[in-house]
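Those letters in the sequence shown? Residues 44 to 556, per the numbering used here, in order. Yeah, the Cβ is synthetic: ideal placement off N, Cα and C, and Gly gets one too.
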Amino acid sequence: MVNRSKLVVLSTLVLLSGAASVPAQQPKERSHVERFSTPEAKAGREESEASAKLAANPNDDQALNARAIARIRLGRYHEAFEDARRAVSLKPADSDYQANLGYVLWKLGRPEEAINAERTALKLNPKNTTAHYQLGRFLLRLGQQKDLNEAVGELRKALELDPRQYEVRFELIGAYRELGNLAEAAAQLDVLQDSRPTDPRVFYVTGLLDTDRNDLNSALKNFNEAITRDPTMFAAWQDLGLAYMKANRWTDAMNAFAELVRRQPNSVEAAYFHALALYNSDKTSEAESEARRTLRLDAGAVEAHTLLGIILASRGNANSEAADALSQAIALNPNSFDAQLYLGRVQYSMKDYAGAAKSFRAAVTLNPRHAEARFFLGTTLELAGDSNAAMSEYQELIKAQPDSAMGQLGLGALLVKQGRFDEAVVALRRAVALNPKEFEAHWALGRALALKERYAEAVQSFQTAISLAPNRSDAHYQLGLALRRLGRTEEANREFGIVERLNTEFRTSTKPL
Numbered sequence: 044m045v046n047r048s049k050l051v052v053l054s055t056l057v058l059l060s061g062a063a064s065v066p067a068q069q070p071k072e073r074s075h076v077e078r079f080s081t082p083e084a085k086a087g088r089e090e091s092e093a094s095a096k097l098a099a100n101p102n103d104d105q106a107l108n109a110r111a112i113a114r115i116r117l118g119r120y121h122e123a124f125e126d127a128r129r130a131v132s133l134k135p136a137d138s139d140y141q142a143n144l145g146y147v148l149w150k151l152g153r154p155e156e157a158i159n160a161e162r163t164a165l166k167l168n169p170k171n172t173t174a175h176y177q178l179g180r181f182l183l184r185l186g187q188q189k190d191l192n193e194a195v196g197e198l199r200k201a202l203e204l205d206p207r208q209y210e211v212r213f214e215l216i217g218a219y220r221e222l223g224n225l226a227e228a229a230a231q232l233d234v235l236q237d238s239r240p241t242d243p244r245v246f247y248v249t250g251l252l253d254t255d256r257n258d259l260n261s262a263l264k265n266f267n268e269a270i271t272r273d274p275t276m277f278a279a280w281q282d283l284g285l286a287y288m289k290a291n292r293w294t295d296a297m298n299a300f301a302e303l304v305r306r307q308p309n310s311v312e313a314a315y316f317h318a319l320a321l322y323n324s325d326k327t328s329e330a331e332s333e334a335r336r337t338l339r340l341d342a343g344a345v346e347a348h349t350l351l352g353i354i355l356a357s358r359g360n361a362n363s364e365a366a367d368a369l370s371q372a373i374a375l376n377p378n379s380f381d382a383q384l385y386l387g388r389v390q391y392s393m394k395d396y397a398g399a400a401k402s403f404r405a406a407v408t409l410n411p412r413h414a415e416a417r418f419f420l421g422t423t424l425e426l427a428g429d430s431n432a433a434m435s436e437y438q439e440l441i442k443a444q445p446d447s448a449m450g451q452l453g454l455g456a457l458l459v460k461q462g463r464f465d466e467a468v469v470a471l472r473r474a475v476a477l478n479p480k481e482f483e484a485h486w487a488l489g490r491a492l493a494l495k496e497r498y499a500e501a502v503q504s505f506q507t508a509i510s511l512a513p514n515r516s517d518a519h520y521q522l523g524l525a526l527r528r529l530g531r532t533e534e535a536n537r538e539f540g541i542v543e544r545l546n547t548e549f550r551t552s553t554k555p556l
């Protein structure tokens, strides 16, 4: 008797233990039909042959296992499960049957049972390559950090038993990447590059490792090579788009995801990333349509609800609908930092300061080191009349991040309100030093200096603020006041004239809703 062969299911990159043992004999020459049949047609014939044997003997465990494998290839997992289960019940000591049962259980969404089946297979035969591979693969797919080292161990055992199983090396690269062990991942990739230099997947995983090293140019080159060799490699299309996003090449990202959406119109992830790329390419209307399409595909897509809320808020006239979308995201996942942060911003713009404070506090709880979230929380508390709580937030921000311009700005602006001008000037000078491009910091510093009657210095601060935001009428007005205090009446009147012009333009350009 010969050992059971190992069949490679290329469509799923999963090894399955072979069908029944057969007496050693010279292989029969395959017919023309067999040589040129599709995998589906071949699986169909194997299913029919196994069914014929089972009609003669319903308890033929080898035929049950063979039919289970054929049905797996045909994607009929419930039927495959019944066959695999019966094969195991007839011959529970067969390691291969247990391994195949584990694979079917995995495909049916029963991961714990699948893992137990693979462990049972290995107890029966510690040298079962398929069971080692599938156990390692399943542990890796579960995504639990505690399981990664065991996953690596199982995959390495599979390779030790059969170094020719290149599918195992692809999985092992994934496991090492999850562990952050890029050196070991690269070592496995070297073997694949030598043995399979034209395989599109080799270019794809090379691109993934390039991304891990932040070598985006090389990653883009390899992802593009992968999809050129295999345009149906959807994961490569997605990672190509993500690499373009990381490189801030939003138009290229938009085009990559547009192609992925064309190829996978029902993919929720593809639709979401397409909407995100459209939005960042300043195609707001198209982005809104695509975000809504994403939600038609999956109404529970938290990121899509969040993105839709952000898009609606950017319109400036749909804050109520934006708040609804962001609230829905939070209802689905209260731990969504982005949804909490942007809901707070929308509520702030709607002057719902109590609601905004609640949302910003939730965001800060989720990410205590996020400067913008804590700054907005402090600002909202300040507007709600709780100056002490606002001061605590600004001080906490500065304590955690001494170089935070936002923290110094919030603290300085609040000190101005409290009449503590000397302290305010110190904080605001620190803010403009940390971020010379921040309009609000220069504006607030100008106000503090003017209130200290240091008008010449105030003029300089207001002029810098105006250079950063020429259309801010409040800055022109404060500059005019400071100039007038210095007796520079003509210049002051010119600033007041600009204020009048800007206000007139605003009134005439704003249409009633």
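- The alpha helix (DSSP H) runs of length 4 or more contained entirely in the segment 241 to 277 are, from start to end of the chain, 243 to 255, 259 to 272.
- No Cβ-Cβ contact shorter than 8 Å links Ala330 with Ala344.
- Annotation: the continuous alpha helix (DSSP H) that includes Asn108 extends over 104 to 116.
- One Cα belongs to Leu222, the other to Ala86, and the distance between them is close to 38 Å.
- For Glu481, the three-state secondary structure derived from DSSP is coil.
- Contiguous alpha helix (DSSP H) elements confined to the segment 430 to 489 occur at 430 to 443, 448 to 460, 464 to 477, taking only those with 4 or more residues.
- Put simply, the backbone Cα of Arg463 is about 18 Å away from that of Ile441.
- The alpha-carbon of Ala320 is positioned some 20 Å away from that of Asn257.
- By the Cβ rule, the segment 185 to 193 does not count as touching the segment 223 to 241, because fewer than three pairs are nearer than 8 Å.
- The beta carbons of Leu492 and Val475 sit about 12 Å from each other, so the pair does not count as a contact at 8 Å.
- Boundaries of the alpha helix (DSSP H) harbouring Glu221: 209 to 222, taken from the DSSP string.
- The alpha-carbon of Pro377 is positioned some 12 Å away from that of Leu386.
- In this structure, Tyr140 sits near Asn108, with a CB-CB distance shorter than 8 Å.
- The shortest C-alpha to C-alpha distance from Pro274 to any of Arg244, Pro206, Asn514 is the one to Arg244.
- With fewer than 16 other Cβ atoms from the protein chains shown falling within 10 Å of its own Cβ, Asp446 counts as exposed.
- Cβ-Cβ separation between Ala427 and Ala397: approximately 6 Å, consistent with a contact (criterion under 8 Å).
- Each residue's CA atom was taken as its position, placing Gly455 and Tyr247 some 51 Å apart.
- By the C-beta density criterion, Arg305 is exposed, having fewer than 16 other C-beta atoms within 10 angstroms.
- Under the three-state reduction of DSSP output, Ala342 falls in the coil class, being neither helix nor strand.
- Per DSSP, reduced to three states, the secondary structure at Leu529 is coil, with no helix or strand assignment.
- Here DSSP, grouped into helix, strand and coil, assigns Leu151 to coil.
- Straight through space, the alpha carbons of Arg550 and Glu496 are spaced by roughly 33 Å.
- For Gln177, the enclosing alpha helix (DSSP H) stretches over residues 172 to 185.
- Separation of the CB atoms of Leu452 and Leu471 is rounded to 7 Å, and the pair is thereby assigned contact status at 8 Å.
- Between Tyr209 and Leu178, the CB-CB gap reaches or exceeds 8 Å.
- Taking all protein chains in view, the Cβ of Lys460 is surrounded by fewer than 16 other Cβ atoms within 10 Å, so the residue is classified as exposed.
- For Asn360, there is no enclosing alpha helix (DSSP H), since its DSSP letter is neither H nor E.
- Counted as a single uninterrupted DSSP element, the alpha helix (DSSP H) harbouring Met297 occupies residues 293 to 306.
- CA-CA distance, Leu350 to Ile112, rounds to 43 Å.
- DSSP places Glu227 within a helical segment (H, G or I) once states are collapsed to three.
- The C-alpha of Asn159 lies about 14 Å from the C-alpha of Leu185.
- A direct Cα-Cα distance of roughly 11 Å separates Gly421 from Val407.
- For His121, the enclosing alpha helix (DSSP H) covers residues 120 to 133.
- In this structure His348 is in contact with Leu375, their Cβ atoms being roughly 7 Å apart against a cut-off of 8 Å.
- Taking C-beta atoms as the reference points, Ala314 and Glu333 count as a pair closer than 8 Å.
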